[in-house]
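Peer 1:
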Amino acid sequence: MSQCSVGALRPEHKNFVVVGYALTSKKIKSFLQPKLEGLARNKGILFVAIDQNRPLSDQGPFDIVLHKLTGKEWRQILEEYRRTHPEVTVLDPPDAILHLHNRQSMLQCVADMNLSNSYGIVGVPRQLVIKRDASSIPDAVAKAGLTLPLVAKPLVADGSAKSHELSLAYDQYSLQKLEPPLVLQEFVNHGGVLFKVYIVGEAIKVVRRFSLPDVSKRELAKNAGVFRFPRVSCAAASADDADLDPSVAELPPRPLLERLAKELRCRLGLRLFNLDIIREHGTRDHFYVIDINYFPGYGKMPGYEHIFTDFLLSLVQS
Ligand SMILES: O=P(O)(O)O[C@@H]1[C@@H](OP(=O)(O)O)[C@H](OP(=O)(O)O)[C@H](O)[C@H](OP(=O)(O)O)[C@H]1OP(=O)(O)O
Ligand SMILES: Nc1ncnc2c1ncn2[C@@H]1O[C@H](COP(=O)(O)OP(=O)(O)O)[C@@H](O)[C@H]1O
Ligand SMILES: [Mg+2]
Ligand SMILES: [Mg+2]
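Numbered by the working numbering, the letters in the sequence shown go through residues 1472 to 1789 in order.
1) Exposed or buried, what is Thr1780 when buried is set at 16 or more other beta-carbons lying within 10 Å of its beta-carbon?
2) Please determine if the stretch 1715-1733 and the stretch 1752-1766 are in contact, where contact requires at least 3 C-beta pairs separated by less than 8 Å.
3) Helix, strand or coil for Ile1548 per DSSP?
4) Give me the Cα-Cα distance between Val1697 and Glu1657, rounded to the nearest whole angstrom.
5) Along the chain, where does the alpha helix (DSSP H) containing Glu1776 start, and where does it finish?
6) Going by Cα to Cα distance, which pick from Gly1542, Glu1483 and Val1488 is closest to Ser1631?
7) Are the CB atoms of Val1686 and Gln1643 nearer to each other than 8 Å?
8) Applying the criterion that 16 or more other CB atoms from any shown protein chain within 10 Å of the CB defines a buried residue, is Thr1560 buried or exposed?
9) Below 7 Å CB to CB, which residues in the same chain sit around Val1787 once its five sequence neighbours on both sides are set aside?
10) Tell me whether Lys1485 sits in a helix, a strand or coil according to DSSP, three-state version.
11) Listed by chain order, which residues have C-beta atoms less than 5 Å from any heavy atom of ligand 3?
12) Would you mind reading off the limits of the beta strand (DSSP E) that contains Val1831?
13) Please check the pair Pro1625 and Lys1633, which I expect to be a contact at CB under 8 Å, by giving their CB distance rounded to whole angstroms.
14) So, helix, strand or coil for Glu1508, using DSSP?
15) Answer with buried or exposed for Asn1745, where buried requires no fewer than 16 other C-beta atoms within 10 angstroms of its C-beta.
16) Closest by CA to Leu1653, which one among Gln1647, Ser1645 and Ala1623?
17) Between the Cα of Phe1700 and the Cα atoms of Gly1531, His1635 and Lys1693, which residue gives the shortest distance?
18) Can you list, in chain order, the residues of its chain whose CB lies under 6 Å from that of Glu1551, leaving out five sequence neighbours each side?
19) Between Tyr1573 and ligand 4, is there a pair consisting of the residue's CB and a ligand heavy atom that are separated by less than 7 Å?
20) Return yes when the Cβ of Val1671 is within less than 8 Å of the Cβ of Ile1778, no when it is not.
21) Between Asp1712 and Pro1767, what straight-line distance do the alpha-carbon atoms span, to the nearest angstrom?
22) Suppose you measure from the CA of Phe1681 to the CA of Ile1749; what does that come to, to the nearest Å?
23) What residue range is occupied by the uninterrupted beta strand (DSSP E) comprising Pro1684?
24) Quick check: the Cα distance between Ile1763 and Ala1732, rounded to an integer number of angstroms?
25) Residue range of the beta strand (DSSP E) that Pro1625 falls in?
26) Going along the chain, which residues of its own chain have a beta-carbon closer than 6 Å to the beta-carbon of Arg1512, five neighbours each way excluded?
27) Assign Thr1555 to one of three DSSP states: helix, strand, or coil.
28) I need the straight-line Cα distance from Leu1727 to Glu1558, nearest angstrom please.
29) DSSP three-state call for Glu1729: helix, strand or coil?
30) Within the same chain, show all residues whose beta-carbon is closer than 7 Å to that of Gly1770, passing over the 5 residues directly before and after it, in chain order.
Here it is in structure tokens:
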């Protein structure tokens, strides 16, 4: 827990960089680990819990506000605080975060970017938004010319358990069983391995995770139905030390990721996020971004303590 909890800051903290945080208890546990707080303190950074029951302006003073909470009320509080406290860096602006709460708008920036250079091509899978009326899905899919299998994802990605309930659909007819609003995304074979690219300001760190296995044409023809699948690429599914086919395991080229991260930082207006990216199986350089998350589980990013504290210091120094 925080070494300096809610309330007034002590005089000896005068020269500290004060970071107010408003996070869920799950996030506090995974992110604000003793090693991070200890290192931060040695570097002159103090984490202070924000009391949501008291006006934000009465707390601190803060140099930085770090947050990941949902709800309109909280967004309004933060917007008002940003307006009245322009000297405080709020990580990140609530409206920019909101952009990631919809799985359609989330990937729009990547699509608009048309990133293609000598290191590779980065796109997004073809997808279709279904707002209502499940019975219309088979026709809508046929009309849009989407190729099966499809990944069905809840349109809203607000961090709720429901927003992570995904399904794989093998045939067009069964799509009627799904519950809109959702995004239907073409499943891209990628050798069962996904890359998680963590971004903290200008720093980038990539890890490998297991993912859904490829679906062959034969399997597709043999199967029908819609199948719910659990969180296949969670931290327990690390593939960093797995013995994999090198053509599948090879990380995306660093210069390509740097370009992607830089563009996304700018287009999204965010500094703290990660993205899930896959390489189309059988290609060397054809990549798809399938998910972008705000303030992800940094506790699982190797060396996050140093990267994060350096980032916080860079904010106040600039
Ligand atoms: O729960 P964790 O620590 O695994 O982190 C979750 C992330 O897992 P990852 O770091 O990618 O393995 C997770 O990433 P995925 O969506 O699973 O790719 C989300 O960022 C999740 O946030 P939210 O529930 O979408 O708001 C993250 O949850 P919160 O910690 O933000 O609640
Ligand atoms: N278009 C796709 N092609 C292949 N696999 C996918 C695709 N979309 C998602 N997946 C698989 O489903 C998992 C969860 O999807 P994702 O969009 O990352 O949702 P979440 O926000 O719940 O993490 C991914 O980790 C990956 O294994
Ligand atoms: Mg994901
Ligand atoms: Mg996600």
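Quick reminder that beta carbons are idealized off the backbone N, C-alpha and C, glycines included.
Peer 2: Checking against the coordinates, here is how it stands:
1) Translated into positions along the sequence shown, residue 1780 becomes position 309. With 16 or more Cβ atoms within 10 Å of its Cβ, Thr1780 is classed as buried.
2) yes
3) Along the sequence shown, read from residue 1 onward, the residue named residue 1548 stands at position 77. Three-state DSSP puts Ile1548 in a helix.
4) Indexing the sequence shown from 1 puts residue 1697 at position 226. Indexing the sequence shown from 1 puts residue 1657 at position 186. Taking the straight line joining both Cα atoms gives about 14 Å.
5) Here residue 1776 refers to the residue found at position 305 of the sequence shown. Note, Glu1776: alpha helix (DSSP H), Tyr1775 to Gln1788.
6) Counted from its first residue, the sequence shown places residue 1631 at position 160. Of the candidates Gly1542, Glu1483 and Val1488, Gly1542 places its Cα closest to the Cα of Ser1631.
7) Residue 1686 sits at position 215 when you count from the first residue of the sequence shown. Residue 1643 sits at position 172 when you count from the first residue of the sequence shown. No, Cβ-Cβ distance for Val1686 and Gln1643 is not below 8 Å.
8) As a working mapping, residue 1560 is identified with position 89 in the sequence shown. When all chains shown are included, Thr1560 counts as buried.
9) The residue labelled residue 1787 in the question sits at position 316 within the sequence shown. Here the set comprises Val1488 and Asp1534.
10) Within the sequence shown, residue 1485 is the residue found at index 14, counting from 1. In the structure shown, Lys1485 sits in coil (DSSP, three-state: anything other than H, G, I, E or B).
11) One residue list follows from the rule of a beta carbon closer than 5 Å to any heavy atom of ligand 3, given in chain order as Asp1747 and Asp1762.
12) Residue 1831 falls outside the range modelled here, since the chain spans only 1472 to 1789, and no answer is possible.
13) As a first step, residue 1625 must be located in the sequence shown, where it is residue number 154. As a first step, residue 1633 must be located in the sequence shown, where it is residue number 162. About 6 Å separates the two Cβ atoms, so the contact holds.
14) Taking the sequence shown and counting its residues from 1, one reaches residue 1508 at position 37. Helix, per DSSP.
15) Translated into positions along the sequence shown, residue 1745 becomes position 274. Counting Cβ neighbours within 10 Å, Asn1745 comes out buried, since at least 16 surround it.
16) Taking the first residue of the sequence shown as position 1, residue 1653 is located at position 182. Ranking Gln1647, Ser1645 and Ala1623 by Cα distance to Leu1653 puts Ala1623 first.
17) Taking the sequence shown and counting its residues from 1, one reaches residue 1700 at position 229. Nearest option by C-alpha distance: His1635.
18) Sequence index remark: in the sequence shown, residue 1551 carries index 80 (1-based). Correct list: empty, nothing qualifies.
19) Taking the first residue of the sequence shown as position 1, residue 1573 is located at position 102. The question names Tyr, but residue 1573 in the sequence shown is Asn. No - ligand 4 has no heavy atom lying nearer than 7 Å to the Cβ of Asn1573.
20) Residue numbering aside, residue 1778 sits at position 307 when the sequence shown is read from its first letter. Residue numbering aside, residue 1671 sits at position 200 when the sequence shown is read from its first letter. It is a contact, given that the beta carbons lie within the stated cut-off.
21) Numbered from its first residue, the sequence shown carries residue 1712 at position 241. Numbered from its first residue, the sequence shown carries residue 1767 at position 296. If I take the Cα positions, the gap works out to 22 Å.
22) Position 210 of the sequence shown, counted from the start, is the residue given in the question as residue 1681. Position 278 of the sequence shown, counted from the start, is the residue given in the question as residue 1749. Roughly 11 Å separates the two Cα atoms.
23) Position 213 of the sequence shown holds residue 1684. Taken as a continuous stretch (DSSP letters only), Pro1684 belongs to no beta strand (DSSP E), as it is neither H nor E.
24) Here residue 1763 refers to the residue found at position 292 of the sequence shown. Here residue 1732 refers to the residue found at position 261 of the sequence shown. Cα to Cα, the separation comes out at about 11 Å.
25) Position 154 of the sequence shown holds residue 1625. Taken as a continuous stretch (DSSP letters only), the beta strand (DSSP E) holding Pro1625 covers Leu1621 to Pro1625.
26) For the purposes of this step, residue 1512 is taken as residue 41 along the sequence shown, with counting starting at 1. Around Arg1512: no qualifying Cβ.
27) As a working mapping, residue 1555 is identified with position 84 in the sequence shown. In the structure shown, Thr1555 sits in a helix (DSSP, three-state: H, G or I).
28) As a first step, residue 1727 is located in the sequence shown; it is residue number 256 there, counting from the start. As a first step, residue 1558 is located in the sequence shown; it is residue number 87 there, counting from the start. Rounded to whole angstroms, Leu1727 to Glu1558 spans 34 Å at the Cα level.
29) In the sequence shown, residue 1729 corresponds to position 258, counting from 1. Looking at Glu1729 - three-state DSSP - the assignment turns out to be helix.
30) The residue given as residue 1770 occupies position 299 in the sequence shown. Answer for Gly1770: Ser1501, Phe1502 and Gln1504, listed in chain order.
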